[in-house]
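Chains as they are written, first to last, in this note's numbering: chain C, 90 to 230; chain Z, 90 to 230. Virtual Cβ for every residue (Gly too), placed ideally from N, Cα, C. Just below is one structure, and these are the notes that go with it.
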DNA sequence: GCATATCGCTTGCACAATGCAAGTTAATTG
DNA sequence: CAATTAACTTGCATTGTGCAAGCGATATGC
């Protein structure tokens, strides 16, 4: 596994810093699955629809965990499974993901339900707040 | 050069749609340079600090142009140069980039000036509006 | 007006990342 | 207790990346 030490950073530009961890085609899809679709296990990510390969998924989960964006624990109900969930740093990506969704909805053809987009666009901060609440509630339970 | 036809999409999820065009480590750095740093030529992108390779830069500029996020024209003052600029679709990425910057500022060590971040965080929509105005003004001139 | 420098690339090659299929181990279900 | 499931790992072919060098067109200096 490759290390990502702070000294290996290409620059300290905030956009670059984020991209060095999340700048690929798969990592943010995993975050999306965790944040919006309630997916939390390896097989759920694997069957998300975009067709990620098993080795790539494994690699990205490790990197996201190393970056402290997700955390991994055994499923108490089934010891074969692991449950992944977003950390505070991870859920804090919600505003960015919302803007990504809204950009695509404005500029591309997508299969996102119009009503959801409308609600999201009308009150972005409220939408993010709800996502945060759900995340918090799931943790407390 | 490889085509990105609509049929080749892994899914119609809005996040995925955006990532299929911009989901790599370099493309958004070019957008950043255009949006925030006034860089607009090949050599300016090349010397941006992160050290992109010449062939990769060339490839990404072509892909961004093909995706209608940037456009290319000759420099009227120097026929050796090309001037790249953001399209309407491109400048519309501003809210997302602002959220990326704010996430990094909240969660990582960056070299972004604190005052700029403060202003950005206090009035994100106002900041985005200013970015848009600057872009519009540069086009009209 | 001619040599030299600059700009925006392209090419070749070594190395790293990705995608696919198959195999592995531990835990669970029937 | 045999078959299945979950979460991976491994091997290998293909693709992408990074670096150095080269190239054609335009501009600059003398």
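N-terminal and C-terminal residue of the beta strand (DSSP E) that residue 164(C) is part of: The residue you call residue 164(C) lines up with position 75 of the first chain. Here the beta strand (DSSP E) through residue 164(C) covers 159-164.
Spell out whether any CB of chain C is found under 8 Å from the CB atom of residue 114(Z). As a first step, residue 114(Z) must be located in the second chain, where it is residue number 25. Yes, contact with chain C.
For residue 127(C), would you say it is in contact with chain Z, using Cβ-to-Cβ distances shorter than 8 Å as the test? For the purposes of this step, residue 127(C) is taken as residue 38 along the first chain, with counting starting at 1. Chain Z, which has no Cβ nearer than 8 Å to the Cβ of residue 127(C), makes this no.
Whole runs of the beta strand (DSSP E) within the segment 132-214 of chain Z, excluding any shorter than 3 residues: 159-164, 167-175
Listed by chain order, chain Z residues near residue 123(C) by CB distance under 9 Å: Sequence index remark: in the first chain, residue 123(C) carries index 34 (1-based). The premise fails here: residue 123(C) is roughly 12 Å from chain Z at the closest Cβ pair, so nothing lies under 9 Å.
Cross-chain neighbours of residue 55(C) in chain Z, by beta carbon under 7 Å: Nothing can be reported for residue 55(C): it is not among the residues displayed for chain C, which extend from 90 to 230.
Residue 109(Z) and residue 121(Z): beta carbons closer than 8 Å? Mapped onto the second chain, residue 109(Z) falls at position 20. Mapped onto the second chain, residue 121(Z) falls at position 32. No.
Against chain Z: residues of the segment 148-180 of chain C by CB proximity under 7 Å: 178
Determine whether the Cβ of residue 211(Z) lies closer than 8 Å to any Cβ atom of chain C. In the second chain, counting from the first residue as 1, residue 211(Z) sits at position 122. Not closer than 8 Å to any Cβ of chain C, the Cβ of residue 211(Z) fails to qualify, so no.
Along chain C, in chain order, which residues have C-beta atoms closer than 7 Å to that of residue 218(Z)? Counting from 1 along the second chain, the entry for residue 218(Z) is found at position 129. Correct list: empty, because the minimum Cβ distance to chain C is about 15 Å.
Please check the pair residue 194(Z) and residue 103(C), which I expect to be a contact at CB under 8 Å, by giving their CB distance rounded to whole angstroms. As a first step, residue 194(Z) is located in the second chain; it is residue number 105 there, counting from the start. As a first step, residue 103(C) is located in the first chain; it is residue number 14 there, counting from the start. Beta-carbon to beta-carbon, residue 194(Z) and residue 103(C) are separated by about 6 Å, close enough to satisfy the 8 Å threshold.
Does residue 93(Z) come within less than 8 Å of chain C when only Cβ atoms are used? Taking the second chain and counting its residues from 1, the one referred to as residue 93(Z) is at position 4. Residue confidence is low: residue 93(Z) scores 46 on pLDDT, short of 50, so the model does not pin down where it sits. Its coordinate-derived value is still stated next. No, because no Cβ of chain C sits closer than 8 Å to the Cβ of residue 93(Z).
Flag residue 144(Z) as yes if its beta-carbon sits less than 8 Å from any beta-carbon of chain C, otherwise no. Along the second chain, read from residue 1 onward, the residue named residue 144(Z) stands at position 55. For residue 144(Z), the answer is no, since every Cβ of chain C falls outside 8 Å of its Cβ.
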